[in-house]
Amino acid sequence: MKKIMIATKNEGKVKEFKQLFLKYGVDVISLLDMEEDIPDVEETGTTFEQNAALKAETISAVLNIPVIADDSGLEIRALEGRPGVYSARYAGTSKNDRANLDKVLTELTGVPDENRMARFVCVIAVAQPGKSTFTKRGTCEGKIGLHPTGKHGFGYDPIFIPNEYNRTMAQLSADEKNAISHRRNALSQLEDWLRRT
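Numbered per my numbering, the sequence shown finishes at 914, counting up by one with no gaps.
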């Protein structure tokens with residue numbers, strides 16, 4: 718089985734990537750599997766593409782192997798695209814999921830249902846020694862609910878209701894989520910590269 722390094726220490730993301738890569742016969746390893754502690758890459762970019770490439774290229778240079786990194790987040794139309802690239806640390810640098818949810822819901826107080834449109838965005842960057850880095854972008858359209866619901870997933874899943882659903886992402890099974898997620902949509906664009914790898 719082929720192995721691919723995913724440059725993340727986020728257990729939720731690792732779990733999703735493992736499920737998504739299974740069909741390609743690829744074994745996912747992550748920074749959580751490394752014996753040596755590799756410091757977090759500071760996300761100094763202003764776009765998802767910049768941050769994903771920065772993470773992938775930095776870790777690829779350290780390990781001298783192909784590395785995939787993603788940067789993802791939530792864009793809410795009524796908040797002019799926020800939290801965007803700051804999704805993980807929207808309520809502070811501690812990256813507290815519940816605090817982030819509460820901040821978004823507070824900012825949307827009084828915003829009617831028809832104006833709560835949002836999208837999840839995922840950009841995947843592939844960095845390989847001696848080759849140019851490339852990125853792929855996937856989205857999942859939906860809206861923000863009135864309160865957190867559901868026990869699955871992570872991040873903003875409990876308040877995000879995908880289009881064509883009346884349940885939040887956190888109420889969907891892993892298979893249901895992986896069929897429509899922004900990460901799935903970005904990853905599907907990597908299929909040709911995965912077959913050649």
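Glycine residues also receive a C-beta, built at the ideal position from the N, C-alpha and C atoms.
Keep in mind it's a predicted model, so treat the numbers as computed, not measured.
Worksheet item: Which partner residues of residue 844 appear in the DSSP bridge assignment?
Response: Translated into the one-based positions of the sequence shown, residue 844 becomes position 127. Answer by DSSP bridge pairing, in chain order: 784.
Item to complete: Assuming residue 775 and residue 758 form a contact by the criterion Cβ under 8 angstroms, report the distance between their Cβ atoms to the nearest whole angstrom.
Response: Counting from 1 along the sequence shown, the entry for residue 775 is found at position 58. Counting from 1 along the sequence shown, the entry for residue 758 is found at position 41. Residue 775 to residue 758, Cβ: 5 angstroms. Contact.
Discussion item. Please state the DSSP three-state secondary structure of residue 744.
Written reply: Numbered from 1 along the sequence shown, position 27 holds the residue referred to as residue 744. Residue 744 falls in the strand class under three-state DSSP.
Worksheet item: Looking only at C-alpha atoms, which of 778, 724, 784 sits nearest to residue 679?
Response: In the structure as shown, the chain begins at 718 and stops at 914. Residue 679 is therefore absent and cannot be evaluated.
Fill in: Separation of residue 752 from residue 863, as counted between CA atoms
Within the sequence shown, residue 863 is the residue found at index 146, counting from 1. Within the sequence shown, residue 752 is the residue found at index 35, counting from 1. Spanning the two alpha carbons is a distance of roughly 42 angstroms.
Worksheet item: If you draw a straight line from the C-alpha of residue 726 to the C-alpha of residue 825, how long is it?
Response: To locate residue 726, count along the sequence shown from 1; it is residue 9. To locate residue 825, count along the sequence shown from 1; it is residue 108. Between residue 726 and residue 825, the C-alpha separation is close to 30 angstroms.
Worksheet item: Exposed or buried, residue 749, counting other C-beta atoms within 10 Å across all chains shown (16 or more means buried)?
Response: Taking the sequence shown and counting its residues from 1, the one referred to as residue 749 is at position 32. Around the Cβ of residue 749, a 10 Å sphere holds fewer than 16 other Cβ atoms; the residue is exposed.
Worksheet item: What residue range is occupied by the uninterrupted alpha helix (DSSP H) comprising residue 901?
Response: Indexing the sequence shown from 1 puts residue 901 at position 184. Judged by DSSP secondary structure, residue 901 falls within the alpha helix (DSSP H) whose first and last residues are 899–905.
Discussion item. Quick check: the Cα distance between residue 848 and residue 777, rounded to an integer number of angstroms?
Written reply: The count along the sequence shown starts at 1 and reaches residue 848 at position 131. The count along the sequence shown starts at 1 and reaches residue 777 at position 60. Taking the straight line joining both Cα atoms gives about 11 angstroms.
Practice prompt. Consult DSSP for residue 773 and reduce its assignment to one of helix, strand or coil.
Written response: Your numbering for residue 773 matches position 56 in the sequence shown. Looking at residue 773 - three-state DSSP - the assignment turns out to be helix.
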